[in-house]
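Student:
There are 2 protein chains.
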Amino acid sequence: MSSAYPTAIPDPAEESAPTTRCRILAVAERSFREIGYQKTTVADIAKTLKMSPANVYRFFESKKAINEAVVERVTGEIEALIAGIADAPGRTAEARLREAVAALHRDTTGRWAGYPRIHEMIEAAMGESWEVCRQHVDRIGAVFERIVRDGVRTGEFEAADPAVAARCIQAAITRHTHPLLVSQTHPELEPSLVELVDFLLRSLRPAREPARG
Amino acid sequence: MSSAYPTAIPDPAEESAPTTRCRILAVAERSFREIGYQKTTVADIAKTLKMSPANVYRFFESKKAINEAVVERVTGEIEALIAGIADAPGRTAEARLREAVAALHRDTTGRWAGYPRIHEMIEAAMGESWEVCRQHVDRIGAVFERIVRDGVRTGEFEAADPAVAARCIQAAITRHTHPLLVSQTHPELEPSLVELVDFLLRSLRPAREPARG
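Residue numbers (this note's numbering), protein chains in the order written: chain G, 42 to 254; chain E, 42 to 254.
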């Protein structure tokens with residue numbers, strides 16, 4: 042972010058902009074999580090930060106814009122995490138796929154589970170800022186696809202259409218990775234994520250190799 | 042229901058009980074769908090039916106109890122539909138599994154999609170009447186398991202643990218069958234249900250049979 046700073050005579054207002062932006066987002070995220078998206082107002086966020094609402098509006102034109110930036114930040118972190126796993130050298134495609142799925146589940150659960158009002162923020166994002174959500178789903182799908190293609194290339198996997206196979210895996214783990222569903226897990230009713238991934242991986246095994254287990 | 046009627050001297054109040062119960066449920070379901078669970082009151086339901094709230098309370102002790110009965114009715118219908126497909130004679134396990142999944146998706150979409158407030162009713166049921174929801178998920182899982190076991194018995198499928206395989210399929214189609222998610226489909230992002238089921242069925246194919254497609 043330092044490249045955004047002016048290099049000659051620093052203008053204090055400009056200089057503090059990235060920090061103020063970040064502070065607004067951090068306060069907003071906490072409030073959306075704890076108080077709920079509906080009940081959080083731009084005035085509340087400003088009050089917590091001891092600034093005027095007008096100053097918040099200098100950075101974000103609306104609560105929607107704040108939420109959009111919160112979601113962009115969160116999804117960017119998750120995407121970087123998953124991409125790091127997918128691109129780790131020296132590991133089988135299966136190991137990377139298993140770890141990417143587990144990390145996605147862990148991250149989503151850690152972020153959203155246990156906050157009863159978090160669905161308001163998620164639903165607002167999915168309704169008002171769908172493009173941001175769409176890009177996130179698409180990027181995670183692209184990472185899965187990269188792993189599946191690697192596996193097909195080395196003969197570890199078999200898939201007529203690696204893109205479709207990757208999107209099927211991504212869709213199939215929705216129960217364990219969708220922010221609206223992760224708060225509710227029912228181990229007595231549902232397979233564990235490991236059982237589910239075992240099942241999905243069987244679908245990618247080359248046909249002539251005897252099935253495991 | 043006729044067996045519930047007294048056979049000797051009919052008591053008009055008793056006689057009309059099942060009908061009144063059904064009318065209350067029908068009005069409540071429509072109101073939950075159109076106005077939303079939060080904004081619907083027992084007084085509204087009574088008013089629509091031109092009866093006193095006290096009369097509604099003779100049948101249901103609370104709005105929660107009404108919702109529970111609505112969910113029981115709806116889930117009972119879906120379970121009967123899926124069981125009918127699973128137990129149809131003379132069809133392959135694959136054909137029955139495909140049709141059961143498609144019917145579940147169609148039914149859920151038809152019932153819930155397009156009503157923006159329906160998540161209130163679903164969330165209330167999942168929160169306040171979880172046992173009813175749990176039993177539904179369990180019964181649908183049992184029907185899937187019956188189909189998978191049939192397929193394993195005839196050699197059409199291979200699964201080390203048919204119960205786990207069936208629950209994995211059930212979990213994997215969440216994206217297309219969960220009432221909280223069916224309103225949002227994104228064909229540009231996600232595999233179709235047919236692509237997903239093709240992928241899942243590959244996992245059930247006997248290991249030595251070459252994969253299709």
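Even for Gly, the Cβ is constructed at its ideal location relative to N, Cα and C.
Mapping the DSSP letters down to three states, classify Q225/G as helix, strand or coil.
Tutor: Position 184 of the first sequence, counted from the start, is the residue given in the question as residue 225/G. It is coil, neither helix nor strand.
Student: Can you tell me whether A200/E is helix, strand or coil according to DSSP?
Tutor: Numbered from its first residue, the second sequence carries residue 200/E at position 159. Of the three classes helix, strand and coil, the one that applies to A200/E here is coil, per DSSP.
Student: Classify S43/E as helix, strand or coil using the three-state DSSP reduction.
Tutor: By 1-based counting over the second sequence, the position of residue 43/E is 2. Residue confidence for S43/E is low, a pLDDT of 42 falling below 50, so the modelled location carries little weight and cannot support an answer.
Student: Is there a Cβ from chain E that is less than 8 Å from the Cβ of A212/G?
Tutor: As a working note, residue 212/G is residue 171 in the first sequence. By this cut-off, A212/G is an interface position.
Student: To the nearest angstrom, how far is the alpha carbon of Q79/G from that of A134/G?
Tutor: Within the first sequence, residue 79/G is the residue found at index 38, counting from 1. Within the first sequence, residue 134/G is the residue found at index 93, counting from 1. For Q79/G and A134/G, the distance between alpha carbons rounds to 42 Å.
Student: So is N108/G buried or exposed if we call it buried at 16+ other beta carbons inside 10 Å?
Tutor: Translated into positions along the first sequence, residue 108/G becomes position 67. With 16 or more other Cβ atoms within 10 Å, it is buried.
Student: Answer with buried or exposed for R216/G, where buried requires no fewer than 16 other C-beta atoms within 10 angstroms of its C-beta.
Tutor: Taking the first residue of the first sequence as position 1, residue 216/G is located at position 175. When all chains shown are included, R216/G counts as buried.
Student: Can we say the region 147-167 of chain E touches the region 204-213 of chain E, given the rule of at least three CB pairs closer than 8 Å?
Tutor: No contact exists between the region 147-167 of chain E and the region 204-213 of chain E.
Student: Looking at L230/G: is its Cβ nearer than 8 Å to the Cβ of V178/E?
Tutor: Taking the first sequence and counting its residues from 1, the one referred to as residue 230/G is at position 189. Taking the second sequence and counting its residues from 1, the one referred to as residue 178/E is at position 137. The answer is yes: Cβ separation under 8 Å.
Student: Answer with yes or no whether the minimum CB distance from P220/E to chain G is below 8 Å.
Tutor: Looking up residue 220/E in the second sequence gives position 179. For P220/E, the answer is no, since every Cβ of chain G falls outside 8 Å of its Cβ.
Student: In this structure, does DSSP put Y78/E in helix, strand or coil?
Tutor: Locating residue 78/E in the second sequence gives position 37, where the first residue counts as 1. Coil at Y78/E, not helix or strand.
Student: I'd like to check one pair, S72/E with R243/G: are the Cβ atoms closer than 8 Å?
Tutor: Position 202 of the first sequence, counting from 1, holds the residue named residue 243/G. Position 31 of the second sequence, counting from 1, holds the residue named residue 72/E. No, they are not a contact pair.
Student: Using only CA atoms, which one of A87/G, M162/G, A143/G and A121/G lies nearest to R62/G?
Tutor: Indexing the first sequence from 1 puts residue 62/G at position 21. Closest by alpha carbon: A87/G.
Student: Can you name, in chain order, every residue of its own chain whose Cβ lies under 6 Å from the Cβ of A58/E, other than the five neighbours on each side?
Tutor: The residue given as residue 58/E occupies position 17 in the second sequence. Closer than 6 Å at Cβ, skipping near neighbours: no residue.
Student: Here's a check: name, in chain order, each residue in its chain whose Cβ is nearer than 6 Å to the Cβ of T82/E, leaving out the five neighbours to either side.
Tutor: Residue numbering aside, residue 82/E sits at position 41 when the second sequence is read from its first letter. Once the five neighbours on either side are set aside, T82/E has no close Cβ partner at all.
Student: Below 7 Å CB to CB, which residues in the same chain sit around L241/E once its five sequence neighbours on both sides are set aside?
Tutor: Numbered from 1 along the second sequence, position 200 holds the residue referred to as residue 241/E. Excluding sequence neighbours, L241/E sits near I210 and A213.
Student: List, in order along the chain, the chain E residues whose C-beta lies closer than 9 Å to that of F101/G?
Tutor: In the first sequence, residue 101/G corresponds to position 60, counting from 1. Residues of chain E passing the Cβ test: none, with the nearest at roughly 25 Å.
Student: With 8 Å as the C-beta to C-beta threshold (strictly closer), list the residues of the region 122-144 of chain G near chain E in chain order.
Tutor: So nothing in the stretch comes that close.
Student: Starting from the beta carbon of H227/E, find every residue of chain B whose beta carbon is closer than 8 Å, and list them in chain order.
Tutor: Of the protein chains in this structure, namely G and E, none is chain B.
Student: Where do the N-terminal and C-terminal ends of the alpha helix (DSSP H) with A29/E fall, by residue?
Tutor: With chain E covering 42 to 254 only, the question about residue 29/E has no answer from this structure.
Student: For T218/E, which three-state DSSP category applies?
Tutor: Along the second sequence, one-based indexing puts residue 218/E at 177. Here T218/E sits in helix by DSSP.
Student: Would you kindly work out how many angstroms separate the C-alpha atoms of P157/E and A204/G, rounded to a whole number?
Tutor: Locating residue 157/E in the second sequence gives position 116, counting from the first residue. Locating residue 204/G in the first sequence gives position 163, counting from the first residue. Computed Cα separation, rounded: 32 Å.
Student: Pull up the CB-CB distance for E113/G and V173/G, whole angstroms please, since I reckon it's below 8 Å.
Tutor: Position 72 of the first sequence holds residue 113/G. Position 132 of the first sequence holds residue 173/G. Yes, they are in contact, since the Cβ atoms of E113/G and V173/G sit about 6 Å apart, within 8 Å.
Student: Can you tell me which of the three DSSP states G155/G falls into?
Tutor: If you number the first sequence from 1, residue 155/G lands on position 114. Residue state, collapsed to three classes: coil.
Student: Can the beta-carbon of R137/E be found less than 8 Å from the beta-carbon of I126/E?
Tutor: On the second sequence, position 96 is the one that residue 137/E refers to. On the second sequence, position 85 is the one that residue 126/E refers to. Going by C-beta atoms, R137/E is nearer than 8 Å to I126/E.
Student: At the level of alpha carbons, what is the spacing between R180/E and S103/G?
Tutor: Stepping through the second sequence from its first residue, residue 180/E is reached at position 139. Stepping through the first sequence from its first residue, residue 103/G is reached at position 62. Answer to the nearest angstrom: the Cα atoms are 46 Å apart.
Student: Is A136/E helix, strand or coil when you go by DSSP?
Tutor: As a position in the second sequence, residue 136/E is number 95, starting the count at 1. If DSSP states are grouped into helix, strand and coil, A136/E belongs with the helices.
Student: Would you say P13/G and E199/G are within 8 Å of each other, going by their C-beta atoms?
Tutor: In the structure as shown, chain G starts at 42 and stops at 254, and residue 13/G therefore has no counterpart that could be examined.
Student: For M167/G, go through chain E and note every residue whose CB falls closer than 9 Å to its CB, in chain order.
Tutor: One-based indexing of the first sequence puts residue 167/G at position 126. Result: Q225.
Student: Ends of the alpha helix (DSSP H) at F100/G?
Tutor: On the first sequence, residue 100/G is found 59 positions in, with the first residue counted as 1. Taken as a continuous stretch (DSSP letters only), the alpha helix (DSSP H) holding F100/G covers P94 to F100.
Student: In chain E, which residues lie with their C-beta within 8 Å of the C-beta of P232/G?
Tutor: One-based indexing of the first sequence puts residue 232/G at position 191. Under the 8 Å cutoff, chain E gives V205, R208, C209 and A212.
Student: If you measure from the beta carbon of E113/G to each beta carbon in chain E, is any gap under 8 Å?
Tutor: Against the first sequence, residue 113/G aligns to sequence position 72. Output row for E113/G: interface = no.
Student: Taking its Cβ as the centre, do 16 or more other Cβ atoms sit within 10 Å of A95/E, making it buried, or is it exposed?
Tutor: The residue labelled residue 95/E in the question sits at position 54 within the second sequence. A95/E is exposed by the Cβ-count criterion.
Student: With distances taken from CA atoms, which of A129/E, I159/E and T116/E is nearest L145/E?
Tutor: By 1-based counting over the second sequence, the position of residue 145/E is 104. When each option's Cα is compared against that of L145/E, the closest is T116/E.
Student: For F240/E, which residues in chain G fall below 7 Å Cβ to Cβ?
Tutor: Working through the second sequence from its first residue, we reach residue 240/E at position 199. What F240/E touches in chain G: A206, C209 and S244.
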